[in-house]
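J.: The structure that follows is given in the form of structure tokens.
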Amino acid sequence: MEFTPFKLNAYTFFKLPSAFWSGVRVKQITPNTCMVSVKLGWFNQNPFKSMYFAVQAMAAEFTTGALVMFHIKTSGKNISMLVAQNKAVFTKKATGKITFTCNQGKEIADCIKKAIISGEGQTIWITSLGINENDEQVSEMQFQWTIKLRI
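No gaps in the numbering here: position 128 of the sequence shown is 129 in my numbering, and each next residue is one more.
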């Protein structure tokens, strides 16, 4: 699969329908960065008139997972990936449009190279920040990904 926002959004429609119907959309992907946005709406709200935490987690996780997938494809190797743990901190009510950004492409590429060279599974903590339309951080999500070369 080619890594463009359109292709990743189509992937979301077919493989992650709950994220798609919640409004999670990839806006940008480069070797170092992935940006995903989601807008508060009836479908993804909680009883407190803000975005449900799980919707934020889906958007944030997608920024990290898309970068891992991008670098696995770039490596040309058969590599498995799986979230082992996650942590979240919510600092402000998530209303309006929230943009999640992960900027750890280089660290991900280095981790994948290490897994290929060593033949051993690797883990990496990857962070995604959620920022509202006023440039205020609403959440910080961290995901521990496991990366292992398939033999």
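For glycine and all other residues, C-beta sits at the position ideal for the given N, C-alpha and C. Remember, it's a predicted structure, so these values are computed and weren't measured experimentally.
#1: DSSP three-state label for Ser76, please.
#2: Just reading off the beta strand (DSSP E) that Glu141 is part of, what are its end residues?
#3: Quick one: residues in its chain with C-beta nearer than 6 Å to the C-beta of Phe91, no 5 flanking neighbours on either side, listed in chain order?
#4: Compute the distance between the beta-carbons of Gln108 and Ile132, then report whether it is under 8 Å.
#5: Could you pull the DSSP bridge partners for Trp126 from this structure?
#6: Locate the beta strand (DSSP E) running through Gly102, then write down its first and last residues.
#7: Note down the Cα distance separating Lys94 from Met52, rounded to an integer number of angstroms.
T.: Let me spell this out:
#1: helix
#2: 138-150
#3: Ser140
#4: The residue asked about is misnamed: residue 108 is Glu in this sequence, not Gln. Contact: no.
#5: Gln145
#6: One point to set straight first is that residue 102 is Thr, not Gly, in the sequence displayed. Taken as a continuous stretch (DSSP letters only), the beta strand (DSSP E) holding Thr102 covers 98-103.
#7: 8 Å
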